[in-house]
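First comes the structure, then the notes that go with it.
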Amino acid sequence: MTGCRRQRSTWHELTWRALRAGFGLLLCLSSGQMVPARKTGAGAKPAAPVRPPAVPSASAPMTFLPGAHTFTDTDGLPQNSIMAMTSDANGYLWIGTQDGAARYDGYQWHRINMPGAGTSNWVRALLQSRDGRMWFGTHASGLFAWQDGQSVGHYQSGQAGFPHDMVTALAEVPETGGGATLWAGTPGGLARFDGQRWQTFNQSNAGLPSDEVRTLLATERGGQPLLWVATSRGLVEWQDGQVQRLHSTTTEAMPADDIRALGEVREPDGTRTLWAGFANHGVATYRNGQWQVVREDFGGTKQIRSLAVTYQPDGTATVWVGTNGGGLAACQNGNWTLYNTDTQVIPNSEVTSIYETRTGNGPPLLWVGTNSGGLACLRLGSWQRVNFPPGMIPTVGVKALLEYTEPDGSRTFWIGTRNHGAARLRQGRWEIFQMENSPLPSRFVSCLLKTDRVSGGPAVWIGTATGGLAQFQNGQWTVFNRENGALPDNGIWSLLETIDENGTPRLLVGTEKGVAVWQQGRWSRFPLAESGVGNEYVTAMLATPEPEGGLRLWFGTFGGGVATLYRGQWTVYNRANGTLSSDVVRSLHVLVDGNRRTLWVGTYGGVTVGEWQENGIKWHTLNDSTDPALPNNVIYEIRHDRQGRIYLFTNRGVARLTPDAGQGWRRPRLETFTTEDGLPSNECNGGSALCDSEGRLWIGTVAGLGVFDERLENREYQTAPPRLVRLLVNGQPRKLEARLALHHGENEVTFEYELLGFFRSAETRYSTQLIGYESHPTPWTPDRRRTFASLSPGTYTFWIRSRDYLGHVQEVTTASITISPPWWVRWWAFTLYALACVALGLGIMQWRVYVLRQRTLALEAKVAERTAALAAVNQDLAEKNLKLLEANRDLARKNEELDEAQRRTDLVFSALAEALPGKVLDGKYRLDVKIGAGGFGVVYEGTQLALNRKVAVKVFRPMAGNDSPQALERFRREGISACRVNHPNAVAVLDSGVSAEGIAYIVMELLRGYSLSDELRRYGTLSPTRCAEILIPVLDVLDAAHAEGVIHRDIKPDNIFLHQTKDGEVVKVVDFGVAKLIREELSGEQLVSALGVVVGTAAYLAPERINHLAYDGRSDVYAVGVMLYQMLTGLLPFISASGFVGIALQHLTHNPRPVHEVVPDVPLELSRLVAQAMEKDPARRPTAREMAVALGSYLTKSTAVNSRGFPKVTPDTPPDDDPFNAPTLISQP
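Be aware that the sequence shown starts at 1, since it is given in full-length UniProt numbering, and climbs by one per residue.
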């Protein structure tokens, strides 16, 4: 694996090592000049370089600052002056302010006012004792004890022996035999609490140097408890209930008597060093019986307000000193670092309290309380912010970085900025090069490169965004640009020193319009256009050695993807061929780990990873939509550390990728670093990334320059499982127990939980499951509360899983809850239920037996009585049966006589029918030829004598049931009914009457042609056009009849006659003999058709007529629909072997198969029209007129309408050779 050699060191050691190396800043005061270069050709050399005047230098310190976040009252603090800090047994952070206390759980601040807030809400001291009580020492209200969310004690001056209302310090000293003693420092002396009362020790009764106790420090010496008591006039060692030793300016040569802060360092050899901060004399230590001043002045102040000691993983101690106006100072191994408001680490330079937290989930944090500035949280980790004094180098616009080793072993560091030129750090001093003081051709420095071979010695190449390229060698400047013919464009964005195929060194310069080559002192153009990349705006270049030998060159472009050249062969990778997620490439990087090589392409669509394999490069992309998801898709720069981890510098922080043990780089572990980790800003700058010789990563952001040192990564990452913090049952808090038993009414349970941690806790996610109620865990959410209502009786276990900002997943089972069932569903209740049922069953059975016995006795009595009555009835029935038998025999005899009479009548009528031709009825009509016979009579072709014209005469046929006066009236009314349908497509009834001989007759027009039945028998099926030609006239007739209140009731093919005339075919509807006048009241004389039977043919009957329901003209439309179905398919929709009954049932209950399924050529709309006409519900059927209009669209000729608004059917003149053109019947009788 490539990368810098790994070293071990602590954060402070490395910081101070850099400072001891003499890092400083140079403020340039003079300007240089450049002799204009003459214009040269692409292959010519530029003008000779010119050495500018020397640049004077000056030095100033540079510091590396930790990440920090400040909390103020806008974040939930009670007040911005933080006087004291501590943590409780749960790991929460507590602070005391000048207006109350607050507890921080990593998510929000919870304010707590003192019970005596009316007197003083100022908290000066905090301590949690071993018994779980939190103690608050106030400024003027004494001492309060707090436990389980409420006050449990209050001690003021004179109460229970407490000496004063102001508490300046609190401490708890462990006792030798176990337990601990609480001590309070006040302006009235030192107080010890025995659990009930306070005992005061002061100057008069215990030998304290002063009653004004400033601070306390509990420790031990030789295994024995020791309490350091600092007063305004000296320091004492308190042990075994008395002063053991006094330290002051007179007794122990202490620097001063007024001590304001104490701290103790555990040395590696086991000894302890006491640190004391004085009111106006800085900091001193006490070790091996000697006092020594460590530092007196801190940024212009000697006043110390607070002290704290922290330890690195290797045991190295850091002493933190809070000053009154000088900021925060840190001392490690004798080296000091000062943080004040200028560094933007702390919000105020008056540091009143310091505290370190190592509890919860996350790294150790240093909390710095200030006076009026709020609370700062410092993250002392591997990310640091480079700080320059105001007025020196503006690092906000850093665009390029460079570091290299000089021949003497020293290191030189360059920074290129957006608008302020370049700066060089060499031999501890900075030099700034700008257009005003040097030949630098542009203020915008976009890239930097140091070469040796191609330049014939060490040289620095400075690429600019607008002025071309500058070479700085041996203190001399040479400028190359478009104007002197050296470069294709003055926008330079990438530089690469490599060799050609012959091993000759060359410099590749990536510009906005291609790549220029500097080799052996001459310029040429690189043939990038031959690649076909489509865009020669080159943003990144890379050379990788190939296993087959030679180098492969890579060119990243701004909009054209990546082009690569190897042994004369170009290959392009872009979005079009599915390799890259974006064609805007900002960076190229190669990682070599043993025999494994990966190419990293940073784009505006994420990072694309190419892994070299035997059969070529395999590509895959990581972005904000993949798993893992990157924080942002804009990848400015890519670097790796010594461990082979990849760093992606984005617009939303720095993403670190570590390969997965199983899936490698396809699903790496992702960590994201933000401003909370120490970055100056989450938005990085393109071009400004560097891995220096120590393995540190430098990155420019929009808010300054950041540095990452993996050697400083805190290995003490704390882990703590998620926990249940509150349980509510029916809205009321309950004590947290591993197992909780609830009754059936306590079925609403709320769980509140958390993963304790103070660092990036807002990024923590939770997944929970109530086992026994839920089958799967919930998705990851930030919610820390769940409520379950109406839980059924049973046992439930609440399970919590947490995931922190680094992706660490922890899980824990927190509580088990058992909800008991109500008494009425318990086992003993069911036992009682069973016993009661058994007893009830036995009682019911006994009662039933008794009832049955009584019923049997009553039944036997009734049976006897009924038997006698039945015998009498049977006797009477036998007599009646004899009489009925005689009557039946008489009826049979009469029926035989009637049948014989009917046969004789038929013979007579048949003979009469044969004899009638030539007969003249009423002197008006001569019967010529018999042309048909039906159920009611015989039809003759006759002659109307008065007009000598041919007519059809229908003669009434006498028969049983129709030879009555009512039947004759029916025969007469058939003609009247038909006459009321005055329509050219209805057969015309000319006359009717009863002859003198008693022969009833009807005279009609004589038709010639054939019926629709004949045509269907001949052709089988008809076309939609032929169907329309026939049925439109039929529907026209029916519409006219329906308007007159007349229903045909027997529409069928036999009653549709195709009358052939010299002018063509005319469709005629015949046989209105079964028509019904629906608008006339059916009086006794009018019920000629109401014979109690259904009139019509079964295959064409509408469902409502079969059911003997009210009907209208839509029953005729139903019959037309059946006819249209038959004409299109050649089949009837309903067929049954059981005759009328079977067909009727199908009409009532079945839907026919759609026409277009039977005959696919039939249009879908015509098939739907048939289905609509055959709807079971008459209201859903079309009227005769609506159906005729729908059929009109299938006419091949003009679709003009007649006077009634119907589509006009033009009669077709049949050909002479059409056998169907011969004269035929007039009608069906």
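Ideal Cβ positions, reconstructed from N, Cα and C, are used throughout, including at glycine.
For the pair Thr341 and Leu366, the Cα-to-Cα distance works out to about 17 Å. A direct Cα-Cα distance of roughly 17 Å separates Gly207 from Ile259.
A direct Cα-Cα distance of roughly 11 Å separates Leu1101 from His1048. Between the C-alpha atoms of Ile1143 and Arg848 there is a straight-line separation of about 53 Å. A direct Cα-to-Cα measurement between Gly594 and Val572 gives close to 27 Å. Of the candidates Thr564, Gly510, Gly942, the residue whose Cα lies closest to the Cα of Ala540 is Gly510.
In the pairwise beta carbon analysis, the stretch 397-412 is classified as not touching the stretch 353-373: fewer than three pairs are separated by under 8 Å. Under the three-state reduction of DSSP, Ala140 is assigned to coil, being neither helix nor strand. Taking the Cα of Arg522 as reference, the smallest distance to any Cα among Gly534, Arg506, Glu512, Val515 is reached at Arg506. Within the stretch 675-750, the runs of beta strand (DSSP E) at least 3 residues long that lie entirely inside it are, in chain order, 684-691, 697-701, 704-708, 723-729, 732-734, 739-742. Here Asn888 carries a helix assignment [DSSP, helix/strand/coil].
A check of alpha carbon separations from Val920 across Glu997, Arg801, Arg904, Leu882 identifies Glu997 as the nearest.
Between the alpha carbons of Arg426 and Leu402 lies a distance of about 12 Å. Here Val321 is buried. Its C-beta has 16 or more other C-beta atoms within 10 Å.
For Thr598, no alpha helix (DSSP H) encloses it; the enclosing beta strand (DSSP E) starts and ends at 596-603. Rounded to the nearest angstrom, the gap between the Cα atoms of Thr271 and Glu172 is 22 Å. Within its own chain, the residues whose Cβ lies closer than 7 Å to the Cβ of Thr231, once the five positions on either side in sequence are excluded, are Leu208, Pro209, Ser210, Glu212, Val213, Arg214, listed in chain order. For Met85, the enclosing beta strand (DSSP E) begins and ends at 82-87.
Per DSSP, reduced to three states, the secondary structure at Gly1142 is helical. Around the beta carbon of Ala839, fewer than 16 other beta carbons lie within 10 angstroms, which makes this residue exposed. If you draw a straight line from the Cα of Thr181 to the Cα of Leu226, it is about 12 Å long.
Comparing alpha carbon positions, the residue from Gln769, Cys837, Val584, Glu897 closest to Ser802 is Gln769. DSSP, reduced to helix, strand and coil, places Leu1131 outside both helices and strands of the structure shown, so it counts as coil.
Exclusion of the five residues before and after Trp336 leaves Arg295, Ala329, Ala330 as the residues of its chain whose Cβ lies within less than 8 Å of its Cβ. Spanning the alpha carbons of Asp928 and Arg949 requires a straight line of approximately 12 Å. In the three-state reduction of the DSSP assignment, Phe388 falls in the coil class. Just so you know, the alpha carbons of Arg1017 and Ser1023 end up roughly 15 Å apart. One thing to note: Met83 has its Cβ within 8 Å of the Cβ of Thr352. The same chain holds no residue with a CB closer than 8 Å to that of Glu886 once the five nearest residues on each side in sequence are set aside.
Ile346 carries a coil assignment under DSSP once its states are collapsed to helix, strand and coil. Beta-bridge analysis with DSSP links Glu512 to no other residue.
In the three-state reduction of the DSSP assignment, Phe1072 falls in the helix class, which pools H, G and I. Beta-bridge partners of Val454 (DSSP): none assigned. Distance from the CA of Leu496 to the CA of Leu712, rounded to the nearest whole angstrom, comes to 32 Å.
The straight-line gap separating the alpha-carbon atoms of Asp165 and Arg192 is approximately 15 Å.
Contact check between the stretch 458-469 and the stretch 437-448: three or more CB pairs, one atom from each, fall below 8 Å, which counts as touching.
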